[in-house]
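Step one of this worksheet: look at the structure below.
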Amino acid sequence: MNREHQKARWIVRLAGNKFVIVTITGALLLQPLLGGAPHVGAAPADKPVTVASTASGPVVSKLSEDMLTAGAKIVKYQWKSTRSNKTVQSQVDVIEIDLTNPYVQLDVMTGKGNQFTTVQSVTGMAKETGAVAGVNGDYFNMNSEGVPMGAQISQGDLMSSPSQLEGMYAFGLTKDRVPVIDQYEFHGTVTAEDGAEFPLTGINKAAYTTEPNKDYSHANAMYIYTSAWKEIERPRASAASPVEVLVEDGVITQISDQGGFAMAVPENGYILRTHGQAANFVRDHLQVGQKLRADYGLKSKTTQAEVDPSSFQMMIGGHTILVENGQPSGYTRSTSSISGSSARARTAVGYSKDQKKAYILTVEKNDTSSGMTLKELQNFMVSIGVWKAVNLDGGGSTTMATRPLGEFDPKLTHLTEYGTQQRRVVNGLGVYTTAPQGELKGLAISGEKVLFVGQQATYAMKGYDTYYNPVDTSSLQPSWSAKDPLVTWNGQTLQAVKPGKTEITAKSGSAKASINVEVIGGAQIDRMAISTQAGALKEGAQISVPVTVTLKDGRVLTAPSGAMQWEFVGFQGSVSENTLTVSSVNPNASTGYAIARYDGFSTMLTLTGDSDMMWEDFENVNYPIQFNGSPSQVTGQATVEKGVPGRESSSVLRLKYDMTQGSGKMYAYAEFNGANGRDIPGTPSSMSIDVMGDGSLNWLRAELTDANGSAVYVDLAKYIDWTGWQTLEADLTQHNLSYPVKLKRIYPVNVEEGQDERALTGELAFDNIIFRTPISSDQLKLPRPVMQLKLNQKTVSIDGNNKKTDVAPIQLDGTTYVPIRMILDEFGGSSDWNAGTKGITVLRGNQMIELRVDQKEYIANGVRKTAEVSPIVRDGRTLVPLRLVSEQLGLKVTWEPESKSITIN
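The sequence shown begins at 3 in this note's numbering and counts up by one.
Right, dumping it as structure tokens:
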């Protein structure tokens, strides 16, 4: 059988299958015809093992190593280096594939249902296809249908041809299990019954601009679309009206009029999409009922050798080469559009010198990992033994899912640039196993590894076989224990009772498994904050009160609702699922306090009767609101109108924007009161706003102008990653505002870094802008006397009137101490003494201070601080440092050395 007949047989098989489509994310070039830009762009080790170290270079340490399945393991590394004279560190997760193991397989995961024009998270694709691990794959145009820009082969079937772009490489694995990284081009021909031929340009491609010619990809061209393409339009929003040919079982069954078919591709055939000269070929040579033959394949741009896709197990497209011959390589195309010089999350794939090992890796970018530049990534890959590697889609798309040992489903391995949220992508690189069921090899424990005191957690014993695949252990009835008495047990559910580190062990007969668990203690906390800065003191009020904990080592954790002990002052209430509900307000209470306590640490939320101020609900706007774009090529509209979905009966501010003609950092402003801004009364500490998102992933900000004329930029959302309405909260206290202030404008920003990942057009809407103002002494009508007192004297002058006190102020080593109640009795506020902890809680206005006898550390509004001196006990009375407490409460202290007197006002 000749080669062309072999190709024809392969094509028929291809037409009958569903196909996996690879996607390319990352900026390659602008596509004005499409209205957007393409998105290119074993057991844990006892202690870290340093695998690379130099006197001045990065240090790479292996943190852990765990099996995923026979022939595949995940190795976690910590990378430390210096960037801009600052020490930085990143976590890198590497899946190592032993290509000599016959049971481990690599393949491409594609969208939903194994089809193009659908997108799905990496975890979703891994679960759907039964992968034990996976990462995001090819680059794709986020404003297009959702198909890869590069070549994609799955099980020998070519599902997507490489786009005509320069310097774009692909990773493949032959059926002989040899890894290959190369640059490919597509070639193909259709042959009519009369012998006439016409070249094929590609298979299952979205529209794009070719390189270097800058031509519209589908003009005067013929493309094949298979049932792997789900949408009924081929491609979407095409600027060129096509003539289409439906071929079923090798026979032409329909030829469309101008405009194509409004139908999906049947599984037993394909559709030829033609335009211009290709459409003329159809008119001149093709008729319904005739046979049509299609032959196509790939060619290596490096060797010019033809490549039979059926010889490959899989292939997935990527971007530039990163490593060549075990050394960092030159880039094969510009990396500016994929933020190559910026520290971002990254994804890459490579192989070893002996071609027996493949490496699939992600670099994390989150609160504990700084990401990497491409140059840093290159050097890291070389340090762990990578011989050749190609860059896959990165940034917000970077995601890894892995199946923990003993588990049946993969889970998100690490936080993405969006936290736990995963971007939906067009394809991914999956790791699969074909191993048979083996005998039980070992056990593992699944469950939380970091807990808070009071938190409950359920653990399970999981089993794995000789191939490291999960085994059903539901028949096992393990007993549970902990090495240290930090937890109590109820069956397989524990409750953390003391801070520290312990080892949890499960036993069933002779079977045994353990896991290390850390219980966070108050001594580890540097600060604790309630997300909401102020609340309304009224019956029935509900306030969101999630508590964020920042540890001394830099970790940021969200404390579970059940771990907090809540204390209410001035009202009665309850907290459930991070929501505070005010059930009743105490008589004559003008201020309330919700105090969250955790293992000796505390923070506080202040509630007042009128803290919320509706600044604008857009129902009666009597000042101008206008659109302004920067640069000037950014266009749009800012209008107040009704009928917006979700707020049909009320007026909202609607902002439409188009950034497709702009460049660099781009802004679309909705400006209040012209460009002057509109006054905000009072001294607000936070704001909330209802926002209808557009899923654009743009950055949303507000700009204020303070009393000094300074511009103050407030982040409302780092990523607009939702659609529909959502209420956003913003803390203003961190900006050191000089009051009064104005709200000048609200706007989305599309910054240059990762710009290819965000939409250039969109529509937002805004409603119910509320500012919350903290209580002040004037509002609370707190007393404002002038107090004068002298050392060692029990007579105190209040506004010139003398009063007797039980205890006189004293001075030790230059520090004046007073009983705190003497201050609070005159200036307002309250204090509470805890005999068990020897702690004092002081409340005044919107301030809370927690002090302890003989301890210099104290907590002020949820922040751990250190004073020069500590509270003391004298004659059975607790005395506090006067200046420390008074100034923390907003009082001014003056010392007069001649008379040894103190004035407080």
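A virtual CB, placed ideally from N, CA and C, is assigned to each residue, including glycine. Keep in mind that this is a model prediction, so the values were computed, not measured.
Given this structure, state the Cα-to-Cα distance separating P311 from T176, to the nearest angstrom. Taking the straight line joining both Cα atoms gives about 9 Å.
Nearest candidate by alpha-carbon position, reference D581, set S533, D619 and W617: One detail in the question is off: residue 581 reads as Thr in this sequence, not Asp. For T581, the closest alpha carbon among the candidates S533, D619 and W617 is that of S533.
Please tell me whether N492 and T435 are closer than 8 Å, where the distance is taken between their beta carbons. With contacts defined by Cβ atoms closer than 8 Å, N492 and T435 do not form a contacting pair.
Nearest to R529 by CA position, among R599, A350 and A498, is which residue? Checked all of R599, A350 and A498; the closest Cα to R529 is R599.
For H287, which three-state DSSP category applies? When DSSP states are grouped into helix, strand and coil, H287 belongs to the helix group.
Quick one: measure Cβ to Cβ for P883 and V855, integer angstroms, because I've assumed they're closer than 8 Å. That belief does not hold up - the Cβ atoms of P883 and V855 are roughly 12 Å apart, past 8 Å.
Local conformation of G684 per DSSP, three classes: Note: G684 maps to coil in three-state DSSP.
Just verifying my parser: in three-state terms, what is the DSSP assignment at Q628? Collapsing the DSSP output to three states places Q628 in a strand.
Which residue spans inside the segment 754-831 form an unbroken alpha helix (DSSP H) run of at least 4? As far as the segment 754-831 is concerned, its whole alpha helix (DSSP H) runs of at least 4 residues are 779-782 and 822-829.
Out of I522, L559 and D614, point me to the one whose CA is closest to T775's CA. If we check each option's Cα against that of T775, D614 comes out closest.
Given V788, which residues of its chain have a CB within under 6 Å of its CB, disregarding the five upstream and five downstream residues? Within its own chain, the residues whose Cβ lies closer than 6 Å to the Cβ of V788, once the five positions on either side in sequence are excluded, are D801 and N907, listed in chain order.
Contact set for N368: own chain, Cβ-Cβ below 6 Å, skip 5 residues either direction: Only L417 meet the Cβ criterion.
So, are the CB atoms of E759 and L699 less than 8 Å apart? Closer than 8 Å, so yes.
Output the distance between the C-alpha atoms of A515 and Y461, rounded to the nearest integer angstrom. C-alpha separation (whole angstroms): 12 Å.
Select from V90, R85 and A133 the residue whose C-alpha is nearest the C-alpha of Y105. Nearest in C-alpha terms to Y105, of all of V90, R85 and A133, is A133.
Throw me the rounded Cβ distance for the P821 and R879 pair, which I believe falls under 8 Å. Approximately 6 Å separates the beta-carbon atoms of P821 and R879; this is inside 8 Å, confirming the contact.
For the alpha helix (DSSP H) holding F382, just list the boundary residues, first then last. DSSP places F382 in the uninterrupted alpha helix (DSSP H) bounded by L376 to S385.
Assigned exposure category for G726 - 16 Cβ within 10 Å defines buried: Exposed.
Among S477, V473 and Q494, nearest to S483 - alpha-carbon criterion: Nearest of S477, V473 and Q494 to S483, Cα basis: Q494.
Whose CA, out of S604, R179, V284 and S162, lies closest to the CA of G197? Checking every option, the nearest Cα to that of G197 belongs to V284.
For P34, count the other beta carbons within 10 Å of its own beta carbon; 16 or more makes it buried, fewer makes it exposed. Which is it? The predicted model places P34 with a pLDDT of 27, which falls under 50 and marks its position as unreliable, so this point remains unresolved.
What would DSSP say about G537, mapped onto helix, strand or coil? In the structure shown, G537 sits in a strand (DSSP, three-state: E or B).
In whole angstroms, what is the alpha-carbon distance linking P633 and K746? Roughly 18 Å between the two C-alpha positions.
Return the residue from the list K554, R238 and S339 that minimises the CA-CA distance to V753. Considering only K554, R238 and S339, the residue with the shortest C-alpha distance to V753 is S339.
Evaluate E378 with the Cβ neighbour count: other Cβ atoms within 10 Å of its Cβ, from every protein chain shown; 16 or more gives buried, anything less gives exposed. By the neighbour-count definition (other C-beta atoms within 10 Å, threshold 16), E378 is a buried residue.
From the DSSP output, which residues share a beta bridge with A672? DSSP output for A672 lists F629 and I748 as bridge partner(s).
Under 8 Å by Cβ, that's how I've got M383 and G174 pegged, so tell me the actual separation to the nearest angstrom. Actually they do not touch by this definition, with Cβ atoms about 18 Å apart.
Within 10 angstroms of its Cβ, does G396 collect 16 or more other Cβ (buried), or is it exposed? Its Cβ being crowded by 16 or more others within 10 Å, G396 is buried.
If you run the structure through DSSP and keep just helix, strand and coil, what is T839? Annotated three-state conformation of T839 is coil, per DSSP.
Buried or exposed: where does Q117 fall if 16 or more other Cβ atoms within 10 Å of its Cβ makes it buried? Q117 comes out buried.
For a test of the three-state rule: what should DSSP assign to V887, helix, strand or coil? DSSP, read as helix, strand or coil, puts V887 in helix.
Cβ pair E365, V587 closer than 8 Å: The sequence shown places Val at residue 365, rather than the Glu named in the question. No, the pair does not count as a contact, with Cβ atoms beyond the cut-off.
Does the distance from the CB of P181 to the CB of N381 come in under 8 Å? For P181 and N381, no; Cβs fall outside 8 Å.
Unbroken stretches of the alpha helix (DSSP H), 4 residues or longer, contained in the segment 414-482: The qualifying runs do not exist here; there are none.
Less than 8 Å separating the beta-carbons of D467 and L445? No, the Cβ-Cβ distance between D467 and L445 is not below 8 Å.
Measure the CB-CB distance between G148 and V110 and report whether it falls below 8 Å. Their beta carbons are not under 8 Å apart, which means G148 does not touch V110 by this criterion.
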